[in-house]
Amino acid sequence: MLRYAFIRLLSAIPALLILITLTFFMMRAAPGGPFDRERDVSPEVRAKLEQAYHLDESLWKQYGRYLTALSQGDLGPSFKYGDRSVNELIAVGFPVSLKIGGLAMLLALLLGGALGIVAALKQNGVIDYGVMTLAMVGISIPNYVFAPLAILLFAVTLGWLPAGGWNDGALSNLVLPVLALAAPQVAYIARLMRGSMIEVLHAPYIRTARAKGLSERVVILRHALRPALLPVLSYLGPASAGIITGSVVIEQIFGIPGIGRYFVTAALNRDYTVVMGVVIFYGVLVILFNFLVDLLYGVLDPRARPQ
Amino acid sequence: MSLLNVRNLSVSFNTADGVVRAVTDLSFTLATGETLGIVGESGSGKSQTAMAILRLLARNAAVDGEVLFDGQDLLRLSAQDMLKVRGQRIGMIFQDPMTALNPHLRIGTQLAEVLVSHRGQSWQQAMAESARMMQAVHIPDATARLQHYPHELSGGQRQRVMIAMALLCRPQLLIADEPTTALDVTVQAQILRLLVELRREFGLSLILITHDLGVMAEVCDRSLVMYGGRAMEQGPCRALLTDPVHPYTRALIASRPRLDMDVERDLPVIAGAPPSPIERIFGCPFAPRCELAFDRCNRQMPDLETSAGRQCACHAVSLCKK
């Protein structure tokens, strides 16, 4: 088991290296540089700045320098937020992003799972069609459309919730961003859960469970739920990636000071180190999440346990 | 009084392609302690008959008739009361033990939950009793096996687990739906021997569904031959095998391969294919493939003729004229 975990984590290193390399060179291939937007910079000052950040060196040298620092856990200084390191920016922004991302994931799992199960049990009934229609809508509407519409309805028209801002993560400030972030995932998980539950309910072992005279509740909770959760579980990897990319947009729309927002600003400003840092951080996060999902798979399915 | 009395049972399914008639007007009885073999080829309605008795049919099924079990019509029981019949008074085992056990639960859980549900026993008690039942079906290391998952057991052992599971509550009736079809031949024999042994030990009445005449000959007292969802012939197993009356039974027995036969050249087959269950058939379902068929066979289903413990439904042959 430990050996398996070790090998899995080791195999993440090449994936991260590819990610780092691609991001590094793609960032540099983009036109412009971090100091293009500064006004009235004399050529001397500019040269000094570039020298200070080693931007005057060859790309390969910079790449090597970055990798060396990275191997010591140093993501470098931000070009834009002068006195702060990328590590600091992530340390400040991540708890905020984690809060809305984690809540969105939880909501997606619980609500999506519950809706999917109910729809499966009432297959082809009114509830089923209702849930599936809603899910179709949820999947089809992108979050950058959903979020402003939600703001318009709940903040502007009804005045129930604030239109944006963080306010130290107060509940009322969390509701709309979490909803907007979770909506497509809720919809997707509901569809996934419904499909797999319907399939499992046709399995021979469910017929056996019924032939044993078990109540419908026991049949579903003890016999059907676990196998039906497996496809949902394998979707959690992509779902985490979806929530991360979603958070980049949602944090921007709602003015939430998470790393997603730093990322957008950094990308526009060619703040190389911040972009790199956030991409690497997200990469590690997604890899870790997929690893956790694989471990959970073994918990749910005895046949998938590493020998 | 007979333990099970099925009267005019009909099962049909409403599908997008139309109404599928799986069983039509089927009647049979089973005495206490008796073993009835239901034979027929795939699609003859034998499995659906079993599922109808336990009311485990798919939601789109329509069932008509009566299933009197110990004088009670199971088809008219409430869903709640039916739960007390399944697993407790009627046990059932299925064809493929590979898929009939839940791959995600330990063997022990799947056994013990029967006792927990029906008898209200504690899990600990139920586990101990499950281990005893595992011993009764000759699974070595029974207590240790309870901790295993189905995929860690061989096919034969899984079928033994299925049998143990079905017998935990000491049911009066065991329905075995092709219990040996998915197993190796040597394992088949072991499982059949086990069923015969348990039948005596537990005083079981047994319905054995099979398409294997050899299996039926070994285990059953009486046989029911089904074709196209209808009873063709019924009678004591030995008489039916040695002296079949109905043209279908005769053809079925004639088409058994024998060791002294060159199967590629000599194996007799019944020409044609079984009727589509979706067509409405007014006559005998076997008529299109029957050598003895005449006009009336296609128009009108013959009645079951009863004589000296045997029954046969055929216009062309008669039990008495034989």
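Residue numbers (UniProt numbering), protein chains in the order written: chain A, 1 to 307; chain B, 1 to 322. Yeah, the Cβ is synthetic: ideal placement off N, Cα and C, and Gly gets one too.
The straight-line gap separating the alpha-carbon atoms of L300 of chain A and P231 of chain A is approximately 11 Å. Beyond the five residues adjoining it in sequence on each side, L295 of chain A comes within less than 8 Å, by CB distance, of A5 in the same chain, given in chain order. Residues are counted here when their Cβ sits less than 8 Å from a Cβ of chain A; for the stretch 207 to 238 of chain B the count is zero.
Contacts with chain A (Cβ-Cβ distance below 9 Å) from the stretch 300 to 319 of chain B involve no residue at all. Collapsing the DSSP output to three states places S318 of chain B in coil. For chain B, the residues of the stretch 187 to 211 of chain A that bring a beta carbon within less than 9 Å of one of its beta carbons are H202, A203, P204, Y205, I206, R207, T208, A209, R210, A211, in chain order. DSSP places Q125 of chain B in the uninterrupted alpha helix (DSSP H) bounded by 123 to 136.
CA-to-CA, the gap between I117 of chain A and M193 of chain A works out to about 6 Å. Among the residues of the stretch 287 to 302 of chain A, those with a Cβ less than 9 Å away from any Cβ of chain B are L300, D301, P302, in the order of the chain. With fewer than 16 other Cβ atoms from the protein chains shown falling within 10 Å of its own Cβ, M136 of chain A counts as exposed.
Straight across, the Cα-Cα distance linking V41 of chain A with V131 of chain A is about 58 Å. When the five nearest sequence neighbours on each side are left out, the beta carbons in the same chain lying within less than 7 Å of the beta carbon of L109 of chain A are those of I189, in order along the chain.
Comparing C-alpha distances from T23 of chain A to each of A:F291, A:T273, A:V45 shows the shortest one belongs to A:T273.
For the C-beta of P179 of chain B, not a single chain A residue is nearer than 9 Å; the gap to the nearest is close to 13 Å. According to the DSSP assignment, P184 of chain A belongs to the alpha helix (DSSP H) that extends over 171 to 201. In terms of beta-carbon proximity, G213 of chain A lines the interface with chain B, with at least one pair separated by less than 7 Å. Unbroken beta strand (DSSP E) stretches of 3 residues or longer found wholly inside the stretch 11 to 58 of chain B: 18 to 30, 35 to 39, given in chain order. In this model, R217 of chain A and H118 of chain B are separated by some 14 Å (Cα to Cα). For the stretch 52 to 118 of chain B, the continuous beta strand (DSSP E) assignments of 3+ residues that do not extend past its boundaries occur at 61 to 69, 90 to 93, in sequence order. Distance between D266 of chain B and I191 of chain B, taken at the CA atoms: about 31 Å. Taking a cut-off of 8 Å for Cβ pairs, the stretch 218 to 233 of chain B and the stretch 306 to 319 of chain B touch, as three or more such pairs fall below it. The count of Cβ pairs closer than 8 Å, one atom from the stretch 204 to 222 of chain A and one from the stretch 107 to 121 of chain B, reaches three, so the stretches are in contact.
Taking 8 Å as the upper bound for CB-CB distance, R158 of chain B and M98 of chain B are in contact here, some 7 Å apart. When secondary structure is reduced to three states using DSSP, N124 of chain A falls in the coil class, being assigned neither helix nor strand.
By the C-beta density criterion, H54 of chain A is exposed, having fewer than 16 other C-beta atoms within 10 angstroms.
Interface residue (Cβ-Cβ distance to chain B less than 7 Å): P227 of chain A is classified as such. Look at the stretch 123 to 148 of chain A: it has no residue with a C-beta under 8 Å from a C-beta of chain B. With fewer than 16 other Cβ atoms inside 10 Å of its own Cβ, M261 of chain B counts as exposed. Below the 8 Å Cβ cutoff, chain B contributes E113, S117 as neighbours of V218 of chain A, in chain order. R303 of chain A places its beta carbon less than 7 Å from that of H151 of chain B.
Three or more Cβ pairs closer than 8 Å define a contact, and the stretch 250 to 267 of chain A meets that threshold against the stretch 76 to 96 of chain A.
Neighbours of K46 of chain B in chain A, taken as residues whose beta carbon is under 7 Å from its own, are absent, since the nearest beta carbon is some 16 Å off. In the DSSP assignment, no residue is bridged to V131 of chain A. Rounded to whole angstroms, the gap between the alpha carbons of T68 of chain A and R28 of chain A is 18 Å. Chain-ordered, the chain A residues with CB closer than 7 Å to the CB of Q88 of chain B read G213. Proximity to S247 of chain A across A:A147, A:L19, A:Y129 peaks at A:A147, based on C-alpha coordinates.
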